[in-house]
Amino acid sequence: MVGQNRIVIITGASRGLGLAIAQEFAGNGWYVIGTGRSEKHSEFPSNGEYHQFDASDPEACEAFWEHVSAQHTGAAYCLVNNAGGYISGSLTKLRPEDYLLQMQSTYFSAVYMTRGMALVIPQARIINVISSSALGIYTGDAAYGSAKAAEMHFFQVLQKEFKPGHYRITNLYPTDIASQGPNPRSIKPEDLARFIRTEAENDSTYYLRDATIYPSSD
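Numbering (the working numbering), first residue to last: 7 to 224.
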């Protein structure tokens with residue numbers, strides 16, 4: 007994906023990893039469109055766009071993509087599904103609504119944003135920041151891990167349904183990300199953001215489908 011007309015859409019771009027991804031892409035020639043339920047962060051790229059809405063609302067996602075596709079015809083698109091809160095706790099400690107909230111913020115936001123895009127954008131690259139929780143079993147992780155496993159399954163089905171020339175889908179499963187501040191035993195958000203941009207720009211004869219990402223220090 008080379009040229010000046012490159013657009014990346016990043017969900018959950020109001021803070022943490024999503025904000026770092028927005029800054030990384032903006033600093034390397036991409037036009038950045040961020041989305042999130044929270045207000046735009048003061049450090050969000052000034053030359054980009056930020057749309058505040060709930061991505062677990064399918065109608066809001068469709069309206070967003072209709073607007074974007076109308077404003078940016080003929081662009082090369084990359085969607086980065088990054089949104090999703092984290093709710094942990096034991097079976098009885100969590101409230102019934104906690105399980106629903108986790109699925110809405112993590113699974114349904116990715117599903118509806120991707121579906122909304124597919125309705126109007128015929129070709130794109132899709133990079134999904136899932137989690138190693140989709141691959142392993144962890145105590146107190148029933149809500150979060152289940153939502154991430156559902157997200158993984160959804161996109162692996164799409165990898166079967168679409169050829170890479172149509173929608174090229176990369177699923178990432180990072181372990182620990184230092185999204186709440188410096189942590190020498192975790193992946194720096196800036197490093198993961200750079201990795202994501204590199205994959206978005208990859209024009210070689212190969213691409214990543216599913217990759218687990220570990221911190222270099224244990």
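Here a beta-carbon is modelled for each residue, glycine too, at the ideal position from N, C-alpha and C.
These figures come from a predicted structure and were not determined experimentally.
Between the region 130 to 141 and the region 171 to 183 there are three or more inter-stretch CB-CB distances shorter than 8 Å, so the stretches are counted as touching.
In terms of Cα proximity to V117, the closest of N88, P190, Y105, G95 is N88.
Counting C-beta atoms within 10 angstroms of its own C-beta, S52 has fewer than 16 neighbours from the protein chains shown and is therefore classed as exposed. The beta carbon of C84 sits closer than 6 Å to the beta carbons of V14, R131, A206 from its chain, once the five residues preceding and following it are set aside; these are given in chain order. The DSSP assignment places 64 to 77 as complete runs of the alpha helix (DSSP H) inside the region 50 to 79, in order along the chain (cut-off: 4 residues). Of the other Cβ atoms in all chains shown, fewer than 16 fall within 10 Å of the Cβ of Q58; this residue is therefore exposed. Annotation: the continuous beta strand (DSSP E) that includes T176 extends over 173 to 180. Here DSSP, grouped into helix, strand and coil, assigns L198 to helix. Assignment of T98 by DSSP, reduced to helix, strand and coil, places it in the coil class. Rounded to whole angstroms, L178 and G151 show a C-alpha spacing of 14 Å.
In this structure, I183 is the residue among T204, Y213, I183, T211 with its C-alpha nearest to the C-alpha of I219. In this structure, S223 is the residue among S223, D197, H73, D216 with its C-alpha nearest to the C-alpha of R191.
The residues I13, in chain order, have a CB closer than 7 Å to that of H78 in the same chain once the five nearest residues on each side in sequence are set aside. The C-alpha of N208 lies about 10 Å from the C-alpha of L214. In the structure shown, D216 falls within a strand segment according to DSSP collapsed to helix, strand and coil.
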